[in-house]
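Novice: Just dropping this structure here.
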């Protein structure tokens with residue numbers, strides 16, 4: 008070995024020892040807020056997977072891992088015996104009497120109160136084709152073209168308005184992630200759709216949606232997934248579709264059934280009697296119940312692609328997919344705390360996390376409009392057992 012190679016080897020050895028004795032302990036035990044934040048997110052994200060937990064357990068002490076993921080258990084404690092209660096909500100506000108609707112425009116903005124009226128009217132003036140069939144005939148879809156100048160009252164660009172199906176889709180961009188939110192004004196249209204081979208094989212979100220002629224669909228249940236190689240056929244937990252139970256509840260201590268009753272209210276809880284539900288699945292954790300945030304800290308499940316569903320007090324359904332694992336676009340995904348914050352921002356009274364990761368997909372108007380995790384590499388996500396859909 009010549010001198011140059013010896014010096015290189017010596018330098019690498021010194022650097023390794025320096026890192027091992029100085030940098031490594033600093034990263035593990037420092038109180039520096041920036042380092043602590045990203046160390047904790049790294050641990051939470053690794054430990055939220057079934058096949059990549061070794062990325063944390065192989066070199067991080069177990070006591071540190073346990074402390075970081077403890078917010079999962081605190082979250083479970085917060086929502087242990089909590090379930091939805093609509094009895095205090097005045098549902099008479101859901102539909103205003105006809106005589107109070109002065110004209111077609113006022114009626115439209117009364118229903119779609121999430122739309123910033125000034126930005127809508129400015130866009131309509133510049134693009135008169137938007138209203139060529141009147142407000143009830145709006146069929147606006149820019150999901151493949153990018154943001155429009157129409158904004159929500161929260162400042163998010165609107166990508167689509169489908170007056171026939173009473174759906175609006177907003178592009179949700181935050182500093183670290185990108186997602187799509189569907190705002191569904193008629194919750195009676197929201198149902199659970201299932202794979203044609205439920206129990207043996209799943210289907211992709213777009214396929215299940217097309218089986219039902221649904222205009223919108225997102226993934227719902229988790230499923231048996233040994234070593235990340237499952238085919239999406241066997242769901243975890245309760246599944247009920249159009250009044251028919253397709254799979255029993257798992258009974259996990261921190262899992263809750265989430266779905267719609269016959270009055271189109273989103274119900275969340277550990278229901279032993281599920282006869283009152285028309286469409287439902289089971290997952291965890293809850294995000295918001297009766298207007299209260301159910302997430303402790305970040306939630307303890309790291310940054311990942313997310314799918315979640317919520318409902319406001321006027322029975323508007325909010326369905327959101329946040330993309331992740333897409334470098335240069337939405338590189339990681341979101342923490343559960345960010346999901347609950349977004350739901351609260353849009354007025355959710357109830358909200359529930361659904362399955363995420365490579366399963367997170369939103370289908371609308373004949374195609375997938377989100378960007379599923381690059382781990383799938385097919386543009387349409389994994390095969391899954393069921394969806395929440397709008398028919």
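In the working numbering, the protein residues as written are 8 to 398.
Glycine residues also receive a C-beta, built at the ideal position from the N, C-alpha and C atoms.
As the structure is a prediction and not an experimental result, all values here were calculated from the model.
1) What residues are listed by DSSP as bridge partners for residue 274?
2) Which partner residues does residue 180 have in the DSSP bridge list?
3) For the region 161-171 and the region 293-308, state whether three or more C-beta atom pairs, one from each stretch, are separated by less than 8 Å.
4) In three-state DSSP terms, what is residue 115?
5) Taking 8 Å as the threshold (C-beta atoms), are residue 394 and residue 179 in contact?
6) List, from N- to C-terminal side, the alpha helix (DSSP H) runs of 4 residues or more that fit wholly inside the region 327-353.
7) Measure the Cβ-Cβ separation of residue 311 and residue 331 and say whether it is below 8 Å.
8) Within 10 angstroms of its Cβ, does residue 1 collect 16 or more other Cβ (buried), or is it exposed?
9) Taking the continuous alpha helix (DSSP H) assigned at residue 289, which residues delimit it?
10) Following the continuous beta strand (DSSP E) through residue 395, name the residue where it begins and the one where it ends.
11) Using the Cβ count rule (16 or more neighbours within 10 Å means buried), how would you classify residue 371?
12) Compute the Euclidean distance between the alpha carbons of residue 333 and residue 347, then round it to the nearest angstrom.
13) Can you tell me whether residue 255 is buried or exposed? The criterion is at least 16 other CB atoms within 10 Å of its CB, across all chains shown.
14) For the region 136-151 against the region 199-209, are there 3 or more C-beta pairs whose distance is under 8 Å?
15) With a CB to CB cut of under 6 Å and the five nearest residues on each side skipped, what residues in its chain are close to residue 227?
16) Assuming residue 78 contacts residue 305 under a Cβ cut-off of 8 Å, what Cβ separation, rounded to an integer in Å, is found between them?
17) Would you kindly report the start and end of the unbroken beta strand (DSSP E) that includes residue 293?
18) How do the region 369-389 and the region 178-197 stand: do at least 3 beta-carbon pairs fall below 8 Å, yes or no?
19) Straight-line CA distance for residue 369 to residue 32?
20) Compute the distance between the beta-carbons of residue 157 and residue 127, then report whether it is under 8 Å.
21) Shorter than 8 Å from the beta carbon of residue 205 to some beta carbon of chain B?
22) Just verifying my parser: in three-state terms, what is the DSSP assignment at residue 80?
23) Helix or strand or just coil, what does DSSP make of residue 169?
24) If residue 190 and residue 98 are in contact, beta carbons under 8 Å, what's the gap, nearest whole angstrom?
25) Go to residue 62, then tell me how far its alpha helix (DSSP H) extends in each direction, as first and last residue.
26) Relative to the alpha-carbon of residue 246, which residue among 264, 355, 47 has its alpha-carbon at the smallest distance?
27) Where do the N-terminal and C-terminal ends of the alpha helix (DSSP H) with residue 127 fall, by residue?
28) On a Cα-Cα basis, can you pick out the residue from 258, 242, 313, 222 that is closest to residue 146?
29) Is residue 389 helix, strand or coil by DSSP?
30) So, residue 359 versus residue 275, is the Cβ gap smaller than 8 Å?
31) Name the DSSP bridge partner or partners of residue 355?
32) Confirm, please, whether the CB-CB distance from residue 309 to residue 52 is below 8 Å.
33) Using the rule of at least 16 other Cβ atoms within 10 Å of the residue's Cβ for burial, across every protein chain shown, is residue 70 buried or exposed?
34) Where do the N-terminal and C-terminal ends of the alpha helix (DSSP H) with residue 224 fall, by residue?
35) Can you give me the Cβ contacts of residue 104 inside the same chain, cut-off strictly under 7 Å, excluding the 5 residues immediately before and after it?
36) Going by DSSP in three states, residue 54 sits in which element: helix, strand or coil?
Specialist: Here's the rundown:
1) Within the chain shown, residue 274 is the residue found at index 267, counting from 1. DSSP lists 266 as partners of residue 274.
2) On the chain shown, residue 180 is found 173 positions in, with the first residue counted as 1. Paired residues: 185.
3) Taking one beta carbon from each stretch, the region 161-171 and the region 293-308 have fewer than 3 pairs nearer than 8 Å; the two do not touch.
4) Start at 1 with the first residue of the chain shown, and residue 115 comes out as number 108. DSSP places residue 115 in helix when its eight states are reduced to three.
5) Position 172 of the chain shown, counting from 1, holds the residue named residue 179. Position 387 of the chain shown, counting from 1, holds the residue named residue 394. Cβ distance not < 8 Å, so residue 179 and residue 394 don't count as in contact.
6) 343-352, all fully within the region 327-353.
7) In the chain shown, residue 311 corresponds to position 304, counting from 1. In the chain shown, residue 331 corresponds to position 324, counting from 1. Yes. Within cutoff.
8) As shown, the chain starts at 8 and ends at 398. That puts residue 1 outside it, with no answer to give.
9) Position 282 of the chain shown holds residue 289. Annotation: residue 289 is outside any alpha helix (DSSP H); the continuous beta strand (DSSP E) that includes it extends over 284-290.
10) The residue you call residue 395 lines up with position 388 of the chain shown. Its beta strand (DSSP E) spans residues 393-397.
11) By 1-based counting over the chain shown, the position of residue 371 is 364. With 16 or more neighbouring CB atoms inside 10 Å of its own CB, residue 371 falls in the buried class.
12) Position 326 of the chain shown holds residue 333. Position 340 of the chain shown holds residue 347. Approximately 22 Å, taken between the alpha carbons.
13) As a position in the chain shown, residue 255 is number 248, starting the count at 1. Exposed: under 16 other Cβ atoms inside 10 Å.
14) No: the two stretches stay apart, fewer than three of their Cβ pairs being nearer than 8 Å.
15) Within the chain shown, numbered from 1, the residue matching residue 227 stands at position 220. Same-chain partners within the cutoff: 288, 361, 393, 394, 395.
16) On the chain shown, position 71 is the one that residue 78 refers to. On the chain shown, position 298 is the one that residue 305 refers to. Contact annotation, residue 78 with residue 305: C-beta distance approximately 6 Å; criterion of less than 8 Å satisfied.
17) Indexing the chain shown from 1 puts residue 293 at position 286. Bounds of the beta strand (DSSP E) holding residue 293 are 293-296.
18) Touching, yes, given that three or more Cβ pairs across the two stretches are closer than 8 Å.
19) Sequence index remark: in the chain shown, residue 369 carries index 362 (1-based). Sequence index remark: in the chain shown, residue 32 carries index 25 (1-based). Roughly 42 Å separates the two Cα atoms.
20) Taking the chain shown and counting its residues from 1, one reaches residue 157 at position 150. Taking the chain shown and counting its residues from 1, one reaches residue 127 at position 120. Cβ atoms of residue 157 and residue 127: closer than 8 Å.
21) The question asks about chain B, but that chain is absent: this structure has only one protein chain.
22) Here residue 80 refers to the residue found at position 73 of the chain shown. DSSP, reduced to helix, strand and coil, places residue 80 within a helical segment of the structure shown.
23) Here residue 169 corresponds to residue number 162 of the chain shown, with the count starting at 1. Residue 169: strand per DSSP, three-state reduction.
24) The sequence position of residue 190 within the chain shown is 183, counting from 1. The sequence position of residue 98 within the chain shown is 91, counting from 1. About 18 Å separates the two Cβ atoms, so there is no contact after all.
25) Position 55 of the chain shown holds residue 62. Where residue 62 is concerned, the enclosing alpha helix (DSSP H) starts and stops at 61-64.
26) The sequence position of residue 246 within the chain shown is 239, counting from 1. Selected option, being the one with the closest Cα: 264.
27) Locating residue 127 in the chain shown gives position 120, counting from the first residue. Start and end: 124-133.
28) One-based indexing of the chain shown puts residue 146 at position 139. Checking every option, the nearest Cα to that of residue 146 belongs to 222.
29) Here residue 389 corresponds to residue number 382 of the chain shown, with the count starting at 1. If DSSP states are grouped into helix, strand and coil, residue 389 belongs with coil.
30) Numbered from 1 along the chain shown, position 352 holds the residue referred to as residue 359. Numbered from 1 along the chain shown, position 268 holds the residue referred to as residue 275. Yes. Within cutoff.
31) Counting from 1 along the chain shown, the entry for residue 355 is found at position 348. Its beta-bridge partners are 319.
32) The sequence position of residue 52 within the chain shown is 45, counting from 1. The sequence position of residue 309 within the chain shown is 302, counting from 1. Yes, these two residues count as a Cβ contact at 8 Å.
33) Here residue 70 corresponds to residue number 63 of the chain shown, with the count starting at 1. Classification for residue 70: exposed.
34) Counting from one through the chain shown, the residue named residue 224 turns up at place 217. It is not in any alpha helix (DSSP H) - residue 224 instead sits in the beta strand (DSSP E) that spans 223-226.
35) As a working note, residue 104 is residue 97 in the chain shown. Because residue 104 sits at a pLDDT of 46, beneath the cut-off of 50, its placement in the model cannot be relied upon, and the following sentence gives the value as read from the coordinates. For residue 104, there are no CB contacts under 7 Å within the same chain when 5 residues up- and downstream are skipped.
36) Taking the chain shown and counting its residues from 1, the one referred to as residue 54 is at position 47. DSSP places residue 54 within a helical segment (H, G or I) once states are collapsed to three.
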